[in-house]
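Report on the following structure.
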Amino acid sequence: MKPLKQLSSSEVRQMFLEFFKEHGHKVEPSAPLVPVDDPTLLWINSGVATMKKYFDGSVVPENPRLTSSQKSIRTNDIENVGKTARHHTLFEMLGNFSVGDYFKKEVIPWAWELLTDDQWFGFDEDRLYITVYPKDKETRALWEKIGIAPDHIIEDEDNFWDIGQGPSGPDSEIFYDRGQEMNNLAADDPESYPGGENERYLEIWNIVFSQYNHTPEDTYEPLPHKNIDTGMGLERVVSIFQQAQTNFETDLFLPLIKQTETLSDEKQYGDNVVDDVAFKVIADHIRAITFAIGDGALPSNVGRGYVIRRLIRRAVVNGKKLGINEPFLFKMVTTVGQIMQSYYPEVSKNADYIAAVIQSEEQRFNATLNDGLALLNQAMQETRQQQETQMSGKTAFKLYDTYGFPVELTREYANDEGLTIDEAGFKDEMQQQQNRARNARSNDKSMGVQNDLWTEFKENSNYVGYETLTVADAKVIGIAQKGAIVDEAKVSDIPVEVIFEQTPFYAEMGGQVADTGLVINNHGETVGTVTDVQHAPNGQNLHSIQLSKSLKKGARYQLVVDRSRHLKIEKNHTATHLLDQALRNVLGGHTQQAGSLVEQHYLRFDFNHFGSVTQADLDRVEQMVNEQIWREIPLKTVETDLESAKDMGAIALFSEKYGDVVRVVKIGDFNTEFCGGDHVSNTNEIGLFKIVSEGGVGAGVRRIEAVTASNAYELLHARENLLNQTAAVLKAPQVKEVPHKVESLQDELKQMQRQNESLQAKIAAQQAQDVFSNVQKTSQGSLIAQQVQVAGMDQMRQLADSWRAKQLSDVLVLATANDDKVNMLVAVSESKVKAGIKAGDIIKAIAPAIGGGGGGRPNLAQAGGKKPAGIETALKQAAEFLNA
């Protein structure tokens, strides 16, 4: 039997990628966890999630053979993390992909070579088992052809990959036999087989043979191009090489567990099963938290931010189980960076920023955690007082959802008190939340049906818009109308899609909107209007044209871009680069672009930033941008290879994929960025830059909207007019006196408000003499019940304070009406509260008369309503309540 190689996680990852690189695959970098232009996903949750545009045909890759090690997040079964050997929130998926290139005959021998050849993984062949789809005879035959024993091939009906509409097909799973000594079941247990629920046979690889389109009509049609999609869990494979009982005893997690031991001072990993779960949860969650924040997500109450906040809180609560009672997770970021340094150096680079975000969230959670514990103790006390043994599922869910308490923690606390929780009620609340989240998610399909309309169109189309905005003799090389390729397009209400041999029209990309303009024939007649330009699957500029005359393939036309609109877009695009750099300079290097829109009349720039942006910082940013405009800096564009561009210090967007040749835009010594867009030749063409607004648009994402040139002038001119109008209203001789005039008016207003409050207090005092003189006797004590004329609830509380201080009756009921709204207050003396009379009971009984409801403490309650005519009835009902 072959001995196992001893490989680190870095070596396993690199070996996988290197193997497929040698077999002609392009190594794709791990994409950010935050999906780019994909509203169907909260997180990147698999390797194939980043390849959807290739598989659905919307983009044709430069190389149809791709491989990657993709970091992914899944939290659908978070409750199992730490309790099983292999559940994780963050994991890496190794994969190789074929987009219409190779298929079963190639991928199966390659998989066997990687797994068994001594140059690569070198696994013992006898330890490998394969599952196949029963109807997929070809796949079984191929496995047998490479020498796998028939009893190591298992047919399983579940071996068909299908997520609904889109690519689907049979798959083949590969299992590694770790030996009975690693099993958690007896050898003769019914589940002790490859594919069963056991720890002996470990699934390490799934190869999907994507050969059908699952259509909207629920049929399975052959794909125009068959694809291969595979997934191998890095953590699982590493556990084999390192002979670890679980994934947590590998070099991906063990350093984090050891660090947690030092932070605990009380607990050691391996001493106690319950404590071990806490160690594992912390090690798992800090990895996910670190990478998610590093990729631009931040804690919040919604979406991805909610997931991060939940992970942080679960980890903190588990830290308390281990005796860690102060912020500690932020200290572990550096360790995560060290573990992942070989493939993810950006974690260590951004460690200080990531740690600061986590530490702030941990500190904030301390108060919340105490509130949660108080709610839990109150709920348990009320359950016992009601002589019940089961806590409300709604309360358990509130602890889980609002305070971050895992349900198992609530269950554990309840069990210590001899109580249980309503599990069904908890699950019902959880289901309702999931339904709300599902309804809020985009209805777009996760992967579209493959469309090959333009996939095979590979003729070259040259964009010349950097040099000219007019092409006199552009040949039509491709036309599509109503979903079909045609040789001639007729006039229609629906725009046609056209590709020209060369074009001055910019295709929307990188936040810059597409150019618009005209198509003109050789008679000088307008054939159509270009309304939009996008990229075809093979990269050509694909024009949407609203035709006014027919258009033919092979014919030549004049293409004219709307020059005025284009020049305004250029100014805004260059200003966006200046703004990006200014934000980095003022707020810090952690600031990253999170999206942009460069339009004709304004620019919009989204960026990651933890916390708000002060007005002083915004002023500095705006000033810095304008200084570069006034420096009259010439712009320089360079086309070079990727590495040379990085050596130049060019800023790259982590979310973008770059080819072998890249375009770099340099603005003097101020800014250097990768960019394929259009720009001014000198910053002085921008003229003026003005920020219009700044604010938060999501968890950790801020947005600035700004204008330039004539739009900036128009904005400032409009504001100047408003200021002049304000000065005229205030009768200020000069605009500069407006602030002083406003301050004077504010002082006068405050003085009048104080005088008004003083008069109201005097009126209330006078009313008190009249109100408190009318005391009724009831069977449960004395009562004062009166309608008063006061400003609102605050003054009624003042009357109640005076009543209580003078002990004028046992119960006080007051009501006032203002603008068809009623405020009502009930106060009860302490002696009567002890006798069982509660203000809340009284207010609930009488509030319906005023068309409202209310509540409060036993000694003081209040209500609001919309029926002033019901006040007299309500006051009478108060006496009736006390006489009952």
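What the sequence shown shows, in the working numbering, is residues 609 to 1492, in sequence order.
Where is the CB? At the ideal position from N, CA and C, for every residue including glycine.
Residue i versus residue j - alpha carbon distance
i, j, result
"residue 1252", "residue 634", "20 Å"
"residue 1341", "residue 1223", "29 Å"
"residue 1380", "residue 1429", "24 Å"
"residue 938", "residue 968", "9 Å"
"residue 649", "residue 641", "10 Å"
"residue 1469", "residue 1408", "11 Å"
"residue 1054", "residue 983", "Interpretation of residue 1054 is limited by its pLDDT of 43, a score under 50 that renders its predicted location unreliable; no figure is taken from the coordinates."
"residue 1051", "residue 1136", "Interpretation of residue 1051 is limited by its pLDDT of 41, a score under 50 that renders its predicted location unreliable; the figure taken from the coordinates is listed afterwards. Between residue 1051 and residue 1136, the C-alpha separation is close to 34 Å."
"residue 624", "residue 722", "8 Å"
"residue 1273", "residue 1284", "8 Å"
"residue 811", "residue 855", "13 Å"
"residue 1478", "residue 1400", "17 Å"
"residue 684", "residue 881", "24 Å"
"residue 715", "residue 834", "12 Å"
"residue 922", "residue 840", "28 Å"
"residue 614", "residue 956", "26 Å"
"residue 1432", "residue 1421", "7 Å"
"residue 628", "residue 1118", "31 Å"
"residue 1073", "residue 813", "47 Å"
"residue 1459", "residue 1405", "21 Å"
"residue 1081", "residue 662", "33 Å"
"residue 1486", "residue 1463", "15 Å"
"residue 1134", "residue 1125", "10 Å"
"residue 766", "residue 807", "20 Å"
Closest by C-alpha distance to residue i, when choosing among the options
i, options, result
"residue 960", "927, 902 and 776", "902"
"residue 870", "709, 856, 887 and 854", "887"
"residue 1522", "621, 1281, 966 and 1166", "Here the chain comprises residues numbered 609 to 1492, so residue 1522 is not present and cannot be evaluated."
"residue 831", "1063, 720, 1329 and 636", "1063"
"residue 1203", "678, 1152 and 1312", "1312"
"residue 610", "732, 616 and 706", "732"
"residue 1031", "1001, 905, 1282 and 1323", "1001"
"residue 940", "974, 897 and 761", "897"
"residue 1231", "1296, 1254, 1090 and 661", "1296"
"residue 638", "797, 631 and 653", "653"
"residue 1270", "1259, 1068, 1172 and 1345", "1259"
"residue 758", "1214, 745 and 769", "745"
"residue 1308", "764, 966 and 1112", "966"
DSSP-derived helix/strand/coil call for residue i
i, result
"residue 914", "helix"
"residue 898", "helix"
"residue 652", "coil"
"residue 1105", "strand"
"residue 1215", "strand"
"residue 1461", "strand"
"residue 751", "helix"
"residue 813", "strand"
"residue 1445", "coil"
"residue 890", "helix"
"residue 1152", "strand"
"residue 609", "coil"
"residue 862", "helix"
"residue 1263", "Note that residue 1263 scores 47 on pLDDT, short of 50, meaning its location in the model is unreliable; the coordinates nonetheless yield the value given after this. Correct three-state label for residue 1263: coil."
"residue 621", "helix"
"residue 980", "helix"
Cβ-Cβ separation, residue j to residue i (assumed contact under 8 Å), whole Å
i, j, result
"residue 848", "residue 786", "7 Å"
"residue 1163", "residue 1233", "That pair is no contact at about 46 Å."
"residue 1435", "residue 1467", "7 Å"
"residue 1150", "residue 1100", "With a Cβ gap of about 17 Å, residue 1150 and residue 1100 do not count as contacting."
"residue 1021", "residue 979", "About 15 Å; that fails the 8 Å criterion."
"residue 1061", "residue 1091", "7 Å"
Residue i CB to nearest heavy atom of the ligand GDP below 7 Å
i, result
"residue 1072", "For the ligand GDP, the structure offers nothing, since it holds no ligand at all."
(request) Determine contact between the stretch 941-960 and the stretch 908-927, defined as no fewer than three beta-carbon pairs at a distance below 8 Å. (result) no
(message) Pairs of beta-carbons, one from the stretch 1217-1232 and one from the stretch 1159-1168, closer than 8 Å: are there three or more?
(response) no
(message) Under 8 Å: do the stretch 680-692 and the stretch 719-737 share three or more Cβ pairs, one atom per stretch?
(response) no
(request) Check whether the stretch 1170-1185 touches the stretch 1305-1320, taking contact to mean three or more Cβ pairs, one atom from each stretch, closer than 8 Å. (result) Contact between the stretch 1170-1185 and the stretch 1305-1320 is present: three or more C-beta pairs spanning the two stretches fall below 8 Å.
(request) Decide yes or no for the touch test of the stretch 732-752 against the stretch 782-797: beta carbon pairs closer than 8 Å, at least 3 of them. (result) yes
(request) Report yes or no: do three or more beta-carbon pairs, one from the stretch 1029-1038 and one from the stretch 1000-1009, lie closer than 8 Å? (result) yes
(request) For the stretch 1449-1463 and the stretch 1478-1491, state whether three or more C-beta atom pairs, one from each stretch, are separated by less than 8 Å. (result) yes
(message) I want to know whether the stretch 1102-1117 touches the stretch 1127-1141 - three or more CB-CB distances under 8 Å.
(response) Touching, yes.
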